[in-house]
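*Asks:* Handing you a structure now.
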Amino acid sequence: MKKNLRLGRLTLQIVAVIAFVTGFVLPVHAFDAEVSRETLKGLAGFYVLIEELNPNIAKYASVQKNDISPQRLKSQVENRLRAAGIQVLSWDEMMKTPERPMLYVSVNTHEYEKFWYAYDIRVEVRQLVTLVIQPGKLINGATWSVNMTGVMNIGQLQTLYDNLGLLLDRFIQAYKAVNRK
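Take the sequence shown: its position 92, counting from 1, is numbered 93 in the working numbering, and each next residue is one higher.
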């Protein structure tokens with residue numbers, strides 16, 4: 002019985018290490034190409050929209066006294082944009098802007114084993130675009146995006162903020178590359 006228990010723990014540790022290392026080796030999948038960067042040109046600022054968090058992570062975040070909330074994520078994103086010199090728009094300002102530029106952030110989590118989560122963080126620029134087959138029709142569409150996927154233990158919630166910061170850096174770099182002053 003003890004041997005089986007030790008083997009089970011060892012197997013879990015090996016799987017956790019592999020998942021952890023893989024998260025660092027292959028974390029970023031992006032749609033950050035030259036053509037998509039061009040869609041950022043001329044946008045004066047962005048309204049920040051944060052997707053609601055999955056209840057599965059929110060229940061542990063409150064227990065762990067970590068403030069993982071859409072409000073804190075929004076604050077982090079807005080502060081990062083302002084620090085980079087990118088204007089943050091209110092809802093009303095965004096609605097008065099012809100492109101209706103929005104920086105959309107989604108943090109999706111899935112508990113696959115107690116206290117272990119797979120996560121996907123997505124940062125995308127959404128704006129009004131025209132359909133080729135219906136030139137007069139405007140829709141809100143994603144024109145630039147990056148995302149990161151990984152695995153974490155519930156005790157590593159700061160990982161979400163750290164990785165969101167990396168993706169925001171990618172966005173800021175892309176934005177500044179086509180909006181040099």
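Positions of the beta carbon are idealized from the N, C-alpha and C atoms, including for glycine.
Name the DSSP bridge partner or partners of S146?
*Replies:* Answer is F32 and E125, bridged to S146.
*Asks:* For A34, tell me which candidate among L104, T144 and W117 has the shortest Cα-Cα distance.
*Replies:* Nearest of L104, T144 and W117 to A34, Cα basis: T144.
*Asks:* Alpha carbon to alpha carbon, what distance is there between A45 and P102?
*Replies:* Distance between the alpha carbons of P102 and A45: 8 Å.
*Asks:* Does any residue of chain D bring its CB to less than 9 Å from the CB of E35?
*Replies:* Here there is only one protein chain, and chain D is not present.
*Asks:* Are the segment 165-179 and the segment 66-85 touching, with three or more C-beta to C-beta distances below 8 Å?
*Replies:* Contact holds: three or more Cβ-Cβ distances are below 8 Å.
*Asks:* Kindly indicate the opening and closing residues of the alpha helix (DSSP H) around T98.
*Replies:* Taken as a continuous stretch (DSSP letters only), T98 belongs to no alpha helix (DSSP H), as it is neither H nor E.
*Asks:* Taking just the CA atoms, how far does V124 sit from V106?
*Replies:* Distance between the alpha carbons of V106 and V124: 5 Å.
*Asks:* Pull up the CB-CB distance for E94 and L129, whole angstroms please, since I reckon it's below 8 Å.
*Replies:* Contact flag wrong, Cβ pair sits at about 15 Å.
*Asks:* L50: which of W92, A175 and F172 sits nearest, CA to CA?
*Replies:* Nearest option by C-alpha distance: W92.
*Asks:* On the CB-based measure, 16 or more other CB atoms within 10 Å of its CB, does G151 come out buried or exposed?
*Replies:* With 16 or more Cβ atoms within 10 Å of its Cβ, G151 is classed as buried.
*Asks:* Whose C-beta lies closer than 7 Å to the C-beta of A85 among residues of the same chain, with five residues either side of it excluded?
*Replies:* Cβ neighbours of A85 beyond the five flanking positions: I173.
*Asks:* Identify, in the order they occur along the chain, each residue of the same chain with its Cβ nearer than 8 Å to the Cβ of H111, setting aside the five sequence neighbours on each side.
*Replies:* Within the same chain, H111 has close Cβ partners N55, N57, Y118, A119 and Y120.
*Asks:* Going by DSSP, what residues sit across from I140 in a beta bridge?
*Replies:* Answer is V130, bridged to I140.
*Asks:* Contact defined as beta carbons within less than 8 Å: I believe V179 pairs with L41. What is the distance between those atoms, to the nearest angstrom?
*Replies:* With a Cβ gap of about 5 Å, V179 and L41 count as contacting.
*Asks:* Span of the beta strand (DSSP E) holding L50?
*Replies:* Counting along the chain, the beta strand (DSSP E) containing L50 begins and ends at G46 to I51.
*Asks:* Quick one: give me the first and last residue of the alpha helix (DSSP H) that N80 is part of.
*Replies:* Note, N80: alpha helix (DSSP H), P71 to A84.
*Asks:* In this structure, how does DSSP classify G43 when only helix, strand and coil are distinguished?
*Replies:* In this structure, G43 counts as coil in the three-state DSSP scheme.
*Asks:* Is N109 helix, strand or coil when you go by DSSP?
*Replies:* Residue state, collapsed to three classes: strand.
*Asks:* Of all the options A175, I69 and G156, which has the alpha carbon lying nearest to the alpha carbon of K115?
*Replies:* The shortest Cα separation from K115 among A175, I69 and G156 belongs to G156.
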